[in-house]
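In order, the protein sequence lines correspond to chains A and B.
Using my numbering, you'd call the opening residue of the first sequence number 1 and step up by one each time.
Using my numbering, you'd call the opening residue of the second sequence number 1001 and step up by one each time.
Structure record follows, encoded as structure tokens.
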Amino acid sequence: MNDGIALAIRRSIKITVDGKEVAAPEGSTILQTCRTNGIDIPTLCYLENLTPVNTCRLCMVEVEGSRTLVPSCSRKIESGMVIQTESQRVSDSRKMVLELLASSVDMSIVSPELAGWMERYQVDKERFGPPAAPGQIGGREKTRAGHHHKNDGTSAATVAEPTKVDNNQYVRDYSRCVLCYRCVEACGTDAQNTFAIALGGRGFEAHITTEFGVALPESACVYCGNCVAVCPTNALMSKIEYDLRQVGGWDESKQSITRTICPYCGVGCNLEIHEQDNRIVKVTSPSDHDVTHGMLCVKGRFGFEFING
Amino acid sequence: MDLKTSGRPASPKEKEAVDSVISQLEKPSGVVETNGKSAHVAYEIPFYNKMGPRDLLLPALHAIQERIGWISHGALDYLSLQLGVPPAETYGVASFYAMFSLEEAPATVIHVCDDIACRAAKNADPAAFMNDEYGQPDIDVNGLMWIRSPCLGRCEEGSAALVQRAGEANRRILLAPVNANSLSDGISRPSDQWIGTDSARVPQRETDQSSLRLLKRVGVTDPLSIDSYRSHGGYGPLRRALDIGPENVIREIKDAKLMGRGGAAFPTAVKWGSVAGNSVRPHYFVCNADESEPGTFKDRVIMEQDPFSIVEGLTVAGFATGCEKGYIYIRGEYPLGEERISNAVSMAKKKGLLGRDIMGRGFDFDIEVRRGAGAYIAGEETALFNSIEGKRAEPRNKPPFPAQAGLFNKPTGVNNVETLINVLEILSIGGPEFAQIGTPDSTGTRLFCLSGSVNKPGLYEAPFGIQLGELLKMAGGITTGKSLKTILLGGAAGSFVGPDQLDIRLSFEGVRAAGVTLGSGVIMVFDQGADMDQVVLRIAQFFREESCGQCVPCRVGTARLEELLTRIVNGTTIGSRNDELALLGKVSTVMRESSICGLGQTAANAVESAFRLGLVGG
Chain A
1 MNDGIALAIR RSIKITVDGK EVAAPEGSTI LQTCRTNGID IPTLCYLENL TPVNTCRLCM
61 VEVEGSRTLV PSCSRKIESG MVIQTESQRV SDSRKMVLEL LASSVDMSIV SPELAGWMER
121 YQVDKERFGP PAAPGQIGGR EKTRAGHHHK NDGTSAATVA EPTKVDNNQY VRDYSRCVLC
181 YRCVEACGTD AQNTFAIALG GRGFEAHITT EFGVALPESA CVYCGNCVAV CPTNALMSKI
241 EYDLRQVGGW DESKQSITRT ICPYCGVGCN LEIHEQDNRI VKVTSPSDHD VTHGMLCVKG
301 RFGFEFING
Chain B
1001 MDLKTSGRPA SPKEKEAVDS VISQLEKPSG VVETNGKSAH VAYEIPFYNK MGPRDLLLPA
1061 LHAIQERIGW ISHGALDYLS LQLGVPPAET YGVASFYAMF SLEEAPATVI HVCDDIACRA
1121 AKNADPAAFM NDEYGQPDID VNGLMWIRSP CLGRCEEGSA ALVQRAGEAN RRILLAPVNA
1181 NSLSDGISRP SDQWIGTDSA RVPQRETDQS SLRLLKRVGV TDPLSIDSYR SHGGYGPLRR
1241 ALDIGPENVI REIKDAKLMG RGGAAFPTAV KWGSVAGNSV RPHYFVCNAD ESEPGTFKDR
1301 VIMEQDPFSI VEGLTVAGFA TGCEKGYIYI RGEYPLGEER ISNAVSMAKK KGLLGRDIMG
1361 RGFDFDIEVR RGAGAYIAGE ETALFNSIEG KRAEPRNKPP FPAQAGLFNK PTGVNNVETL
1421 INVLEILSIG GPEFAQIGTP DSTGTRLFCL SGSVNKPGLY EAPFGIQLGE LLKMAGGITT
1481 GKSLKTILLG GAAGSFVGPD QLDIRLSFEG VRAAGVTLGS GVIMVFDQGA DMDQVVLRIA
1541 QFFREESCGQ CVPCRVGTAR LEELLTRIVN GTTIGSRNDE LALLGKVSTV MRESSICGLG
1601 QTAANAVESA FRLGLVGG
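Structure follows, in structure tokens:
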């Protein structure tokens, strides 16, 4: 975070985490305080460079005196707070949150970090029954708010639907979408200010969408790919990666990453060039980089095909 | 920034509908004048939203829906451009609410209640007759479509339908009780009668009118006449408030020990005090009239029968907490309530009881009426703020609490209708006197919504501490010839209690001791003929359909809860029934512990209590 200077002049606040007293500047969140002090808390919707939306409820911790568990990503510390980050209550909640997600969303190619947490909490995605048959493309978009298709309960409703492939830059596989809101935030005021996508619908049928579900070329999308960069579950994936995965050709063990500066304009965005089999397969930017905070424009992120050509 | 739209045109009628809302803007975008001296920006307008205040989004969507019957892509684009809201976000808002259609829809849409109170009254699916009369739901048949609806707040009558009709004149009507005949009569009424009929079942009016405090004017005064209201004590409390000053008003409420009636039972004086004491300006006060808890109809009766009391109560609240502006957010299913409240607001303005220099005391306060659009969750206070602001009604994380950052991120007070009218009673008789009513810890009277299998369903008022059984007696007892099976206390978010619990004292401490809740004052009575499997399943469906979908425990948890219940009811359990109950317990726990708001936290309450009482699955 680049508000380090501001943090430095703030009052220091003492709290107790897992029986240990720790201190952090006023205004810090529980999560920031814990991570600074080497205490691991799993997160899903949280990302350092986006505003916390606290919707995934994975980072919940126990705060003494609070009736419910508390989202550590957005709750600011208060003097004398007593916090448990790994009590039975907390781990039961995290396990069930992950199981609810895994039973409804395809989480087969999530980040290694998330996969590790799913292992830690021994996530059983089948405990609610076998997954229900996938929906039609656009099915959730056509569901009127407050109405849903009632099933007989013998299979677990999922968000499965066909992948949306409507442009050459990236695909949208909402079967993998956990509704973390990150892409909407990146497309909106947190980074891009393009507002091509938003949350649509309600309840289990809520989904990320353009207006009336129009294809991306018809929407306001400018293909900066910042939504792809922040997606934690590969619901959003570059077309190159998607095509390679379709034929079993995506192999991260064979990839190398080279850091460089974008050649297009004078801003000086740092790029990470992901190369596999002597071909550029992906471009990212480090999220802790002062200039980009992980965000790029269409040229930096997708304008490399001529090299491969 | 430039907004990109599809280029699809809006029709002249669609444009007219949008313009009719935008042209109502009295002042330049987002700027409110104070005392005619200085102007300040009341809205925090994002830089991309310079063209107009986004909070007109819902009113404008209503205008299109009412005029055309659905919201087309062209209309949505036009609206987005007028208000400077990205089309994707406008779509996200429109698709959140059940009363907006984003697909071409027939001119007449009938929402028929099939919720639990009407089920309790009939012991059957209250929408079943529609299949015979109008065919399958969700399908356009000759310009008419019917759909199933959650509770419409006419529970004392046992069946209800809200009709939306696109066109020029009045376009919503709430009908009850409905059957095939009354429904077709209602639909064919001339448009000047298209608002709804009075219905205020307050049986106590006939027996002991003198015991009524909150309901004393219901059925007595003319709800359209401010003079009638004033001749029955109206605006005395506001005058007294202006006499004694804001601090003393809050002190009276503190002395009265008034607790919020919306469900959370928070001390009203504490809430008001923290808004009043906040140095950030402006302050707002919101009256939550988005009554949607299944089985609840008390606020509707007040809105329809004693609307001036809500306007006066909100004015007192605004005075005590230093607000210049108040909002009344009324659920979209209450057209008559909305019309009466709107009339009350404009009458009060005419009489100098709203607007500049109220009663010549230098106090400025104005009220805007806002309409919900079919979303139970919008009754959660922070979701309600988002809804007024023109956003999806997704609850916010707390803290910050409304008194710190509420509507438009400013210090905001928010109270339920019933709480606000209690304030008038407190100012009339004095806080200490008010505290003598009820029990020491639950002061005053409470409105109870009696529905289902009782002889005299309706709205009742009784001092806190009354026993559940006494209240049933007041309602004429269980329907003659039936015997009591169970009572749902507090609404869908409440709990079932058994016939052996009629000695529960209906006070905050009394229900706490019994492990139940008063919620919104729902007392829903089921007799032995009730199909509790279907009732409990309907509750689970309700929460699945009304979850905003923001947080995982509620979004997926409500879906899993419905599936689990369906399996248990159908006897198609995965593993044993006990395995399923254990899983249900785990899902309920994560919903209670980790959901963002009260909806998810309480969604499993009634279901769990039904299992504890052995009401489900044979």
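Cβ atoms here follow ideal geometry from the backbone N, Cα and C, with glycine treated the same way.
Owing to the predicted nature of the structure, the values given are computational and were not obtained by experimental measurement.
Does the Cβ-Cβ distance between B/G1494 and B/G1519 come in under 8 angstroms?
Cβ atoms of B/G1494 and B/G1519: closer than 8 angstroms.
Cβ neighbours of A/H274 in the same chain (closer than 8 angstroms, five flanking residues each side left out):
Taking A/H274 as the centre and dropping the five residues before and after it, the same chain places the C-beta of Q255, S256, I257, I280, V281, K282, V283, T284 closer than 8 angstroms to its C-beta, in chain order.
Specify, as a first and last residue, the run of the alpha helix (DSSP H) that A/P217 falls within.
Under the DSSP assignment, A/P217 falls outside any alpha helix (DSSP H); it carries neither an H nor an E label.
Work out the CA separation of B/P1402 and B/L1472 for me, nearest whole Å.
Going by the C-alpha atoms only, they are around 37 angstroms apart.
Can you pull the chain B neighbours of A/G225, defined as C-beta to C-beta under 7 angstroms?
Under the 7 angstroms cutoff, chain B gives no residues; its nearest Cβ is about 17 angstroms from A/G225.
Indicate the three-state DSSP secondary structure (helix, strand or coil) for B/H1073 in the structure shown.
Helix, per DSSP.
Mind checking A/V247: buried by the 16 CB within 10 Å criterion, or exposed?
With fewer than 16 other Cβ atoms inside 10 Å of its own Cβ, A/V247 counts as exposed.
Around the C-beta of B/T1572, are 16 or more other C-beta atoms found within 10 angstroms, so that it is buried, or is it exposed?
So B/T1572 ends up on the exposed side.
Counting contacts by CB-CB distance shorter than 8 angstroms, is B/S1547 in contact with chain A?
Using beta-carbon distances, B/S1547 counts as an interface residue toward chain A, with a partner under 8 angstroms.
Apart from the five residues just before and just after B/I1310, which ones in its own chain have a Cβ nearer than 8 angstroms to its Cβ?
If we look at B/I1310 and ignore the five residues flanking it on each side, its Cβ neighbours are C1287, A1289, I1302, M1303, I1328, I1341, A1344, V1417, L1420, I1421.
B/C1323 at chain A interface by Cβ criterion, 8 angstroms:
Contacts with chain A at 8 angstroms (Cβ-Cβ) do not include B/C1323.
Spatial neighbours of B/R1300 within its chain, please: CB distance less than 7 angstroms, with the 5 preceding and 5 following residues excluded, ordered by chain position.
So the list reads G1153, E1291, Y1334, G1337, once near-sequence residues are dropped.
Candidates B/Y1376, B/G1262, B/P1294, B/K1586: which alpha carbon is nearest B/R1119's?
Minimum Cα distance to B/R1119 is reached at B/P1294.
Contacting residues, own chain, Cβ-Cβ under 7 angstroms from B/S1594 (five flanking each side not counted):
Answer for B/S1594: P1553, listed in chain order.
Rounding to the nearest angstrom, what Cα-Cα distance links B/E1394 and A/Q88 in this structure?
The straight-line gap from Cα to Cα measures roughly 29 angstroms.
Under three-state DSSP, which class holds A/Q122?
Secondary structure at A/Q122: coil, using DSSP grouped into helix, strand and coil.
So what's B/W1194 in DSSP terms, helix, strand or just coil?
Secondary structure of B/W1194 (DSSP, three-state): coil.
With a threshold of 8 angstroms on Cβ separation, who are the neighbours of A/M93 within its own chain once the five nearest residues in sequence on each side are excluded?
According to the sequence as given, residue 93 of chain A is Ser; it is not Met. Close CB contacts of A/S93 within its chain, under the 8 angstroms cut and outside five residues either way in sequence, are with R57, M60, L69 (chain order).
A/D40 versus A/S155, A/E86, A/A160, A/A23, residue with shortest Cα-Cα distance
Considering only alpha carbons, the answer is A/E86.
Is it right to say A/S253 is buried, meaning 16 or more other beta carbons lie within 10 angstroms of its own, or is it exposed?
It is exposed - the Cβ of A/S253 has fewer than 16 other Cβ atoms within 10 Å.
Less than 8 angstroms separating the beta-carbons of B/V1249 and B/A1256?
B/V1249 is not a Cβ neighbour of B/A1256, given a cutoff of 8 angstroms.
Reduced DSSP secondary structure (H/G/I, E/B, other) of B/G1458
Secondary structure of B/G1458 (DSSP, three-state): strand.
Taking buried to mean at least 16 other C-beta atoms within 10 Å of its own C-beta, is B/P1237 buried or exposed?
Buried, since its Cβ has 16 or more Cβ neighbours within 10 Å.
What does DSSP give as the partner residues of B/Q1601 in its beta bridges?
Under DSSP, B/Q1601 takes part in no beta bridge, so it has no partner.
Return the chain-ordered list of same chain residues with a C-beta closer than 8 angstroms to the C-beta of B/H1232, the five sequence neighbours on each side being excluded.
Hits under 8 angstroms: K1216, R1217, V1220, T1221.
So, using beta-carbon positions, are B/L1081 and B/L1057 closer together than 8 angstroms?
B/L1081 is not a Cβ neighbour of B/L1057, given a cutoff of 8 angstroms.
Any chain B beta carbon closer than 8 angstroms to A/I197:
For A/I197, the answer is yes, since a Cβ of chain B falls inside 8 angstroms of its Cβ.
Closer than 9 angstroms at the beta carbon, the chain E residues around A/R89:
Of the protein chains in the structure, A and B, none is chain E.
Measuring only between beta-carbons, confirm whether A/R57 sits less than 8 angstroms from chain B.
A/R57 counts as touching chain B.
Against chain B, which members of the stretch 147-158 of chain A pass a CB distance test of less than 9 angstroms?
Those would be H147, H148, K150, N151, D152, G153, T154, S155, A156, A157, in chain order.
For B/T1034, is the classification buried or exposed, using 16 other Cβ atoms within 10 angstroms of its Cβ as the cut-off for buried?
Summary for B/T1034: the model assigns pLDDT 35, below 50, so the residue's position carries little reliability; its value from the coordinates is reported in the next sentence. Note on B/T1034: under 16 other CB atoms within 10 angstroms of its CB, so exposed under the neighbour-count rule.
So the alpha helix (DSSP H) B/Y1134 belongs to, where does it begin and stop?
Unbroken alpha helix (DSSP H) run through B/Y1134: 1128-1134.
For a quick check, are the C-beta atoms of A/G188 and B/C1548 less than 8 angstroms apart?
No, these two residues do not count as a Cβ contact at 8 angstroms.
Listed from N- to C-terminal order along the chain, which residues in the stretch 81-109 of chain A have their beta-carbon within a distance smaller than 8 angstroms of any beta-carbon of chain B?
Per Cβ criterion, the list reads R89, D92, S93, M96, V97, L100, L101, S103, S104.
Does the beta carbon of B/S1038 sit closer than 8 angstroms to a beta carbon anywhere in chain A?
Bear in mind that the predicted position of B/S1038 carries a pLDDT of just 32, short of 50, making it unreliable; the figure below should be weighed with that in mind. No, no contact with chain A.
Other residues of its chain near A/G129: CB distance less than 7 angstroms, five sequence neighbours each side excluded
For A/G129, where only same-chain residues beyond five positions count, the Cβ hits under 7 angstroms are T154, S155, A156.
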